[in-house]
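Working notes, structure below.
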Amino acid sequence: MLVIRKQDLQQIFSHALDGYPLEVCGLLVGTETVPSPAGQPEDQAAVDRLRQRSDAGLQASGNPHEAEPGKPPAAAFVELVVATENVAGSSRVYEIAPKALLQVDRLAESRGFQIVGVYHSHTHTEAKPSPTDIAKAPDPYWHYVLVSLRDVHPALRSWKIEGGKIEEEKVVVKW
Amino acid sequence: MSVEVRVPTVLRPATGGVASVPAEGDTVGEVFEDLIGRHPGLKEQLLTDAGELHRHLNVFLNDDDIRYLGKLDAKVADGDTLTLMPAVAGGAL
Chain A
176 MLVIRKQDLQ QIFSHALDGY PLEVCGLLVG TETVPSPAGQ PEDQAAVDRL
226 RQRSDAGLQA SGNPHEAEPG KPPAAAFVEL VVATENVAGS SRVYEIAPKA
276 LLQVDRLAES RGFQIVGVYH SHTHTEAKPS PTDIAKAPDP YWHYVLVSLR
326 DVHPALRSWK IEGGKIEEEK VVVKW
Chain B
195 MSVEVRVPTV LRPATGGVAS VPAEGDTVGE VFEDLIGRHP GLKEQLLTDA
245 GELHRHLNVF LNDDDIRYLG KLDAKVADGD TLTLMPAVAG GAL
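Just so you know, the protein sequences line up as chains A and B, in that order.
The first sequence: position 163 = 338 (our numbering), numbered continuously.
The second sequence: position 36 = 230 (our numbering), numbered continuously.
The following block contains the structure:
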């Protein structure tokens, strides 16, 4: 599950549209909960926060992905969206400069957060990881947000990618 | 020389979930050797069979990419920080 503010979603859409016809990319900074093998979250406080936010009446979009019964969801809370340059300068591929990645990692750490995922746009295909996205996915703990500009209205979906397999996750928008 | 090695989430299963681990050496290559000795699961993640740096791994010595400092031969100083980061790329193709 990915929890993101409406303004941050709008920033991603704006970035994607401004960058058209090239693919754009950026990093998602925030907090993450990861279920431990015992089924207990490493960060109970973050899970409690998720419940509080859910109770506050969040709007959900995307395909619902329920965690296994008895297990807390692996959830990321996006606190900051950082647009980065697509150093590939391409309409078909993207690449984040290593130095930019380091800078965002340090920014995240300075605020008590971490990089929880990456977003990029697909200008002419659906918001689903391509074979390249799957092959190059750097981290199974990350959340992979795809924006499609193929249709009249931009579409955004979020995915987990691990071991060559993809799974769509719920996107919860905090208004 | 004693340095701090910062480990990204993708590599933390090899360090028992720890994000920052100490290691010793006079060059990045020696630090890696010491690091792999302490955390053998890192070996395949850091180096190719030929003993070279993996292409999909970025390594920063403090603020600088070691590719521009002599790669594994880059000298380290006491108190330096080595940051490991995955390459981030993809696309519609």
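Backbone N, C-alpha and C fix where the C-beta goes; we use that ideal spot for every residue, glycine too.
As the structure is a prediction and not an experimental result, all values here were calculated from the model.
Check	Outcome
Cβ of Leu287 (chain B) within 8 angstroms of any chain A Cβ	yes
Chain A residues whose Cβ lies nearer than 7 angstroms to that of Thr203 (chain B)	Asp314 and Tyr316
Members of the stretch 321–343 of chain A near chain B, C-beta cut-off 8 angstroms	none
Inter-stretch contact at 8 angstroms, needing at least 3 Cβ pairs: the stretch 341–350 of chain A / the stretch 225–241 of chain B	no
Three-state secondary structure (DSSP) of Asn238 (chain A)	With a pLDDT of only 35 at Asn238 (chain A), under 50, the local geometry of the prediction cannot be trusted, and the value read off the model is given with reservation. Note: Asn238 (chain A) maps to coil in three-state DSSP.
Phe288 (chain A) (DSSP reduced to helix, strand or coil)	coil
Beta-carbon spacing of Gln186 (chain A), Val256 (chain A) below 8 angstroms	yes
Per-residue DSSP class, three states only, for Arg362 (chain A)	Because chain A is modelled from 176 through 350, residue 362 (chain A) falls outside the range shown and cannot be assessed.
Selection of the stretch 269–301 of chain A by Cβ proximity to chain B, strictly under 8 angstroms	Tyr269, Glu270, Ile271, Pro273, Lys274, Leu276, Leu277, Asp280, Gln289, Val293, His295, His297, Thr298, His299 and Thr300
Length of the line joining the Cα atoms of His190 (chain A) and Tyr319 (chain A)	16 angstroms
Distance between beta carbons of Ala310 (chain A) and Ser323 (chain A), contact taken as under 8 angstroms	19 angstroms between Cβ atoms; not a contact.
Straight-line Cα distance separating Arg261 (chain B) from Glu246 (chain B)	11 angstroms
Contacts around Arg226 (chain A), its chain only, beta-carbon distance under 6 angstroms, and the 5 residues preceding and following it disregarded	Because Arg226 (chain A) sits at a pLDDT of 47, beneath the cut-off of 50, its placement in the model cannot be relied upon, and the point is left open.
Whole-angstrom distance between Leu321 (chain A) and Leu331 (chain A), CA atom to CA atom	6 angstroms
8 angstroms Cβ cutoff, Val225 (chain B) in contact with chain A	no
Whole-angstrom C-beta distance between Leu197 (chain A) and Ser266 (chain A), which should lie under 8 angstroms	5 angstroms
Min CB distance Thr277 (chain B) to chain A below 8 angstroms	yes
Anticipated Cβ contact below 8 angstroms, Thr209 (chain B) with Val201 (chain B), distance rounded	5 angstroms
Contact belief for Leu204 (chain B) with Tyr316 (chain A) at Cβ below 8 angstroms, rounded distance in angstroms	Checking the sequence shown, residue 204 (chain B) turns out to be Val, not Leu. About 7 angstroms; that satisfies the 8 angstroms criterion.
Beta-carbon proximity check, Leu202 (chain A) vs Val268 (chain A), cutoff 8 angstroms	no
Short CB-CB distance (under 8 angstroms) between Asp274 (chain B) and chain A	no
Spatial distance of Glu376 (chain A) from Val199 (chain A) (CA atoms)	Summary: the structure shown does not reach residue 376 (chain A), with chain A confined to residues 176 through 350, and so no result is reported for it.
8 angstroms Cβ cutoff met for Met279 (chain B) and Leu276 (chain A)	yes
DSSP beta-bridge partners of Thr206 (chain A)	A:Phe252
Supposed contact pair Ser296 (chain A) and Gly194 (chain A) - C-beta distance, whole angstroms, cut 8 angstroms	7 angstroms
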